[in-house]
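See structure below.
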Amino acid sequence: MNQQKKVLCIEDEYFISELYVRALTKAGYSVTVESDGKRALDLALTDQFDIILLDLMIPTLTGFDVLKALRSPDNNPPLHAKVIITTNLEQREEVREDIEKQADGYLVKAEITPRELVEFLSHIDF
Amino acid sequence: MEYLRKFTGQVRSRLFVVLVVDNLIFLADWVITDKLLHLSGIGLAGALIIVPLLSLTLLPWLNTRYLAQPTKLISEAIMHIAPETADTVPSPKLESASLGKELVSTMVHQLYQLATLADEQAKAKGQPNDLHKNFIATVLPLPLITLDTNQTILFANKAACDYLQVHEVDIVGQNFYSVADMAFPDDQTLDSWLKDAKATKATAIGSWERVRLEVSESRPLRLFDLAAYYNKANPDHIETMLVLFDHTSQYSQDDQAISFIALSVHELRTPLTLLRGYIEAFEDEFAGKLSPEMNDFMFKMSASAQQLTAFVNNILNVARVDDDQLVLQLHEENWRDIVRSAADNMALRAHVRGITIEYSVAPNLPTVGVDRVSILEVINNLVDNAIKYSGNSKKIRLSTYLTSDGMVETTVKDFGVGIPANVMPHLFTKFYRDHHNRAQIGGTGLGLYLSKAIVGAHGGQVWVKSKLGEGSTFGFTLMPYAQLAAEKKLNDNGEITRSAHGWIKNHSLYRR
Numbered sequence: 108m109n110q111q112k113k114v115l116c117i118e119d120e121y122f123i124s125e126l127y128v129r130a131l132t133k134a135g136y137s138v139t140v141e142s143d144g145k146r147a148l149d150l151a152l153t154d155q156f157d158i159i160l161l162d163l164m165i166p167t168l169t170g171f172d173v174l175k176a177l178r179s180p181d182n183n184p185p186l187h188a189k190v191i192i193t194t195n196l197e198q199r200e201e202v203r204e205d206i207e208k209q210a211d212g213y214l215v216k217a218e219i220t221p222r223e224l225v226e227f228l229s230h231i232d233f
Numbered sequence: 169m170e171y172l173r174k175f176t177g178q179v180r181s182r183l184f185v186v187l188v189v190d191n192l193i194f195l196a197d198w199v200i201t202d203k204l205l206h207l208s209g210i211g212l213a214g215a216l217i218i219v220p221l222l223s224l225t226l227l228p229w230l231n232t233r234y235l236a237q238p239t240k241l242i243s244e245a246i247m248h249i250a251p252e253t254a255d256t257v258p259s260p261k262l263e264s265a266s267l268g269k270e271l272v273s274t275m276v277h278q279l280y281q282l283a284t285l286a287d288e289q290a291k292a293k294g295q296p297n298d299l300h301k302n303f304i305a306t307v308l309p310l311p312l313i314t315l316d317t318n319q320t321i322l323f324a325n326k327a328a329c330d331y332l333q334v335h336e337v338d339i340v341g342q343n344f345y346s347v348a349d350m351a352f353p354d355d356q357t358l359d360s361w362l363k364d365a366k367a368t369k370a371t372a373i374g375s376w377e378r379v380r381l382e383v384s385e386s387r388p389l390r391l392f393d394l395a396a397y398y399n400k401a402n403p404d405h406i407e408t409m410l411v412l413f414d415h416t417s418q419y420s421q422d423d424q425a426i427s428f429i430a431l432s433v434h435e436l437r438t439p440l441t442l443l444r445g446y447i448e449a450f451e452d453e454f455a456g457k458l459s460p461e462m463n464d465f466m467f468k469m470s471a472s473a474q475q476l477t478a479f480v481n482n483i484l485n486v487a488r489v490d491d492d493q494l495v496l497q498l499h500e501e502n503w504r505d506i507v508r509s510a511a512d513n514m515a516l517r518a519h520v521r522g523i524t525i526e527y528s529v530a531p532n533l534p535t536v537g538v539d540r541v542s543i544l545e546v547i548n549n550l551v552d553n554a555i556k557y558s559g560n561s562k563k564i565r566l567s568t569y570l571t572s573d574g575m576v577e578t579t580v581k582d583f584g585v586g587i588p589a590n591v592m593p594h595l596f597t598k599f600y601r602d603h604h605n606r607a608q609i610g611g612t613g614l615g616l617y618l619s620k621a622i623v624g625a626h627g628g629q630v631w632v633k634s635k636l637g638e639g640s641t642f643g644f645t646l647m648p649y650a651q652l653a654a655e656k657k658l659n660d661n662g663e664i665t666r667s668a669h670g671w672i673k674n675h676s677l678y679r680r
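Protein chains in written order, with this note's numbering: chain V, 108 to 233; chain F, 169 to 680.
Next comes the structure, spelled out in structure tokens:
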């Protein structure tokens with residue numbers, strides 16, 4: 108990696124963020140964890156992150172709200188971060204399609220191990 | 169369908185329908201031509217009350233169990249709309265009809281015809297009131313829509329307009345499919361049924377369960393059963409009459425059941441994510457430093473966690489299949505890559521049981537149109553079963569080749585215990601267990617049920633061959649992409665969307 112990429116991990120399950128931080132740090136990313144929706148959104152809007160991992164079930168603001176705010180046309184210029192949804196929640200097909208349209212990636216956490224997450228992120232084009 | 173089972177036999181029911189319809193037509197002629205009754209609204213209603221009662225007396229041999237309910241409903245419907253009793257007789261409980269909706273709709277159709285004829289008679293006599301608009305079809309508490317030969321809406325009663333949340337003036341003269349964007353549980357849609365009826369029949373009756381009316385932002389989802397009566401030679405230009413039986417609340421409760429499963433799955437997945445993550449962290453830290461035994465334990469933990477993840481997905485997908493929510497996106501894929509990735513995926517699970525997966529891929533296979541995730545689940549399920557029933561055998565063979573009729577066929581062969589002949593016909597049934605052979609077949613019976621649904625949605629077929637003591641071969645076919653793309657219309661993204669039940673939009677225009 109030429110330049111260290113910055114990841115914001117929005118995740119309220121501490122054990123999961125612990126695993127992700129470990130794997131991502133080992134792979135050379137710098138990782139910030141935030142478990143609260145509102146605070147995570149404020150942090151994300153500073154536009155200092157390259158990748159945002161976004162859980163959908165988080166306190167104060169849901170992941171849907173955060174995603175909407177991140178993609179809002181009010182953000183001028185738009186945020187440069189790639190937003191990857193990381194969830195274990197199943198959506199109805201139409202909801203999932205809607206999320207996929209707005210996000211850059213969609214992962215079911217139980218389907219991937221931290222190592223596979225790192226692998227997935229390495230394929231993102233910046 | 170549920171209510172059809174309540175008939176003692178198809179023959180009897182058809183005979184009954186024919187007889188009742190004939191009686192009604194006969195009576196209609198009788199009423200009108202012989203001028204037995206003056207065709208005022210009251211007189212006609214009176215005549216119509218006689219109809220079901222007469223049917224009852226004309227067919228005394230018919231079991232009253234089948235007759236009483238719909239007859240009562242129709243009587244109630246007539247009483248409900250007849251001017252002199254309208255205030256006192258409540259609208260009938262059509263939901264409780266234990267007899268076919270087809271029959272109810274046929275009767276409604278006849279009532280409508282009578283009203284129309286009465287209308288014409290009234291007009292001929294210089295009475296300007298539009299009887300049929302103010303009469304049965306209008307006041308009938310069932311949503312009712314009539315279409316002409318081009319499926320243009322001729323008439324929609326008040327109940328139908330309320331149900332669709334539209335005004336009659338806005339929809340009359342419109343193409344029905346542009347007004348009601350319906351989706352059916354299988355390939356037999358209203359559209360395809362009508363085409364068939366037009367081509368081959370003078371009259372036809374059709375019914376569907378769980379029809380969905382697609383939602384727009386402002387309109388809530390409607391779920392209903394639909395009955396249609398088709399009559400080619402209808403003098404009134406009405407070719408098709410549709411009657412809707414709303415079941416939104418009942419069917420959407422079923423939808424909530426899937427939410428319950430989705431929530432449970434979420435709760436199961438969180439600890440699974442952690443288990444798999446921590447196992448992997450251990451592997452990272454201790455790779456090469458563990459004794460062979462500990463290493464083996466690590467593999468077994470990892471394989472078990474994988475298997476549990478796959479099982480959780482099976483539960484979820486079965487719920488989706490049952491609820492028409494499993495939607496597949498078929499893309500052009502290289503089948504060799506997918507088979508290899510499936511074999512790799514399953515290698516650990518096979519390895520911890522001392523089993524090797526051999527795989528062979530025929531050269532020059534055409535690309536296939538598949539939903540990668542779902543079709544991998546099919547191979548995983550078949551291989552998982554093969555592992556489970558391998559007995560003392562240590563080999564599973566995964567092969568894929570082109571059949572003589574141009575399908576891409578994939579087989580999973582084990583050399584284990586085999587399947588008893590009496591179990592074979594039930595293998596693809598959900599939760600099937602044979603109590604005599606429980607120990608031999610085990611499992612939950614979800615994987616094969618799901619595999620069949622997924623392969624079916626791809627346009628392929630699943631089959632099994634087995635011999636006790638020698639092992640089993642499960643196989644499935646897939647269409648080459650070129651063939652699939654030629655048969656199914658691609659959407660804007662160049663992909664093909666299908667559900668496990670081939671959930672297809674009603675009209676070819678809307679077919680996804």
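For glycine and all other residues, C-beta sits at the position ideal for the given N, C-alpha and C.
Distance check for V/K113 and F/F428, CA to CA, integer angstroms please.
Cα to Cα, F/F428 sits roughly 37 Å from V/K113.
Test item: CB-CB of F/T408 and F/A395 under 8 Å:
Cβ atoms of F/T408 and F/A395: not closer than 8 Å.
Cutoff 6 Å; reference F/N549; Cβ partners in own chain excluding five residues on either side
Same-chain partners within the cutoff: G615, S619.
Reference V/K218; option with closest CA among F/R378, F/L440, F/H335
The sequence shown places Glu at residue 218 of chain V, rather than the Lys named in the question. Nearest option by C-alpha distance: F/L440.
Taking the C-alpha atoms as reference points, what is the distance between F/T535 and F/F479?
Roughly 29 Å between the two C-alpha positions.
Are there 16 or more other CB atoms within 10 angstroms of the CB of V/Y121, so buried, or fewer, so exposed?
Here V/Y121 is exposed. Its C-beta has fewer than 16 other C-beta atoms within 10 Å.
Is the beta carbon of F/T568 less than 8 Å from the beta carbon of F/W503?
Yes, the pair counts as a contact, with Cβ atoms nearer than the cut-off.
Which chain F residues sit within Cβ distance under 7 Å of V/N195?
Chain F residues near V/N195: H434, R437, T438, T441.
Could you tell me which uninterrupted alpha helix (DSSP H) segments, each at least 4 residues in length, are contained entirely in the stretch 480 to 517 of chain F, listed from first to last along the chain?
Runs found: none.
Against chain F, does V/A176 count as a neighbour if the rule is that its beta carbon must be under 8 Å from one of theirs?
So no, V/A176 is outside the interface.
Does F/L183 come out as helix, strand or coil in the three-state DSSP assignment?
Residue placement at F/L183 cannot be trusted, given a pLDDT of 43 that sits under 50; the coordinates are not used to answer.
At a CB distance below 7 Å, what residues from the stretch 206 to 217 of chain V approach chain F? Give them in sequence order.
For chain F, the residues of the stretch 206 to 217 of chain V that bring a beta carbon within less than 7 Å of one of its beta carbons are K216, A217, in chain order.
Bridge partners - F/S684, DSSP secondary structure assignment
No statement about residue 684 of chain F is possible, as the shown extent of chain F runs from 169 to 680 and does not include it.
8 Å is my cut-off, CB to CB: does V/T132 come that close to chain F?
By the rule that beta-carbons nearer than 8 Å mark a contact, V/T132 does not touch chain F.
Range covered by the alpha helix (DSSP H) that runs through F/F344
Looking at the DSSP string, the run of the alpha helix (DSSP H) that includes F/F344 is 344 to 347.
Need the endpoints of the beta strand (DSSP E) that F/L646 sits in, please.
Note, F/L646: beta strand (DSSP E), 639 to 646.
Would you call F/H626 buried or exposed, if buried means 16 or more other Cβ atoms sit within 10 Å of its Cβ?
With 16 or more other Cβ atoms within 10 Å, it is buried.
Determine, for F/A449, whether the minimum Cβ-Cβ distance to residues of chain V falls below 8 Å.
Yes, F/A449 lies at the interface with chain V (some Cβ there is under 8 Å from its Cβ).
Who are the near neighbours of F/A515 in its chain, counting only those whose CB is closer than 7 Å to its CB and skipping five residues on each side?
For F/A515, where only same-chain residues beyond five positions count, the Cβ hits under 7 Å are I525.
Which of the three DSSP states is assigned to F/G624 in this structure?
The answer is helix: DSSP assigns F/G624 an H, G or I state.
Partners in chain V for F/L484, counting only beta-carbon separations shorter than 7 Å:
By Cβ distance, chain V contributes E197.
The stretch 184 to 201 of chain V touching the stretch 152 to 171 of chain V, judged by at least three CB pairs closer than 8 Å:
Contact between the stretch 184 to 201 of chain V and the stretch 152 to 171 of chain V is present, with at least three C-beta pairs closer than 8 Å.
If you compare alpha carbons, which of F/K326, F/F642, F/A471, F/S346 is closest to F/L308?
Looking at the Cα atoms, F/K326 is the closest of the given residues.
Under 7 Å by beta carbon: chain F residues contacting V/T120:
Rather than Thr, the amino acid found at residue 120 of chain V in this sequence is Glu. Neighbours of V/E120 on chain F, chain order: T438.
Three or more C-beta pairs under 8 Å: does that hold for the stretch 490 to 506 of chain F against the stretch 529 to 547 of chain F?
In this structure the stretch 490 to 506 of chain F lies against the stretch 529 to 547 of chain F, because at least three pairs of beta carbons, one per stretch, are closer than 8 Å.
Touching or not, the stretch 148 to 158 of chain V and the stretch 184 to 192 of chain V, by the rule of three or more beta carbon pairs under 8 Å?
Between the stretch 148 to 158 of chain V and the stretch 184 to 192 of chain V there are three or more C-beta pairs closer than 8 Å, enough to call the two in contact.
Using alpha carbons as the reference points, say which of F/L436, F/N463, F/M462, F/A324 lies closest to F/G341.
Closest option to F/G341, Cα to Cα, is F/A324.
Cβ shell of F/Y617 (< 7 Å), same chain only, five flanking positions each side left out:
Hits under 7 Å: V486, F596, T597, K598.
Rounded separation between F/A511 and F/I523 - CA only:
Cα to Cα, F/A511 sits roughly 12 Å from F/I523.
I need the straight-line Cα distance from V/S179 to F/C329, nearest angstrom please.
When rounded, the distance between both Cα atoms is 38 Å.
Buried or exposed, going by whether 16 or more other CB atoms sit within 10 Å of the CB of F/L381?
So F/L381 ends up on the buried side.
Exposed unless 16 or more other CB atoms sit within 10 angstroms - verdict on F/S459
Exposed: under 16 other Cβ atoms inside 10 Å.
If you follow the beta strand (DSSP E) that F/L315 is part of, which residue opens it and which one closes it?
Here the beta strand (DSSP E) through F/L315 covers 312 to 315.
Own chain, CB closer than 8 Å to F/A471, minus 5 neighbours either side, in chain order
Excluding residues within five positions, the ones whose Cβ falls inside 8 Å are L516, R517, H519, V520.
Would you tell me roughly how many angstroms separate the C-alpha atoms of F/V507 and F/V591, rounded to the nearest one?
The alpha-carbon atoms of F/V507 and F/V591 are separated by roughly 28 Å.
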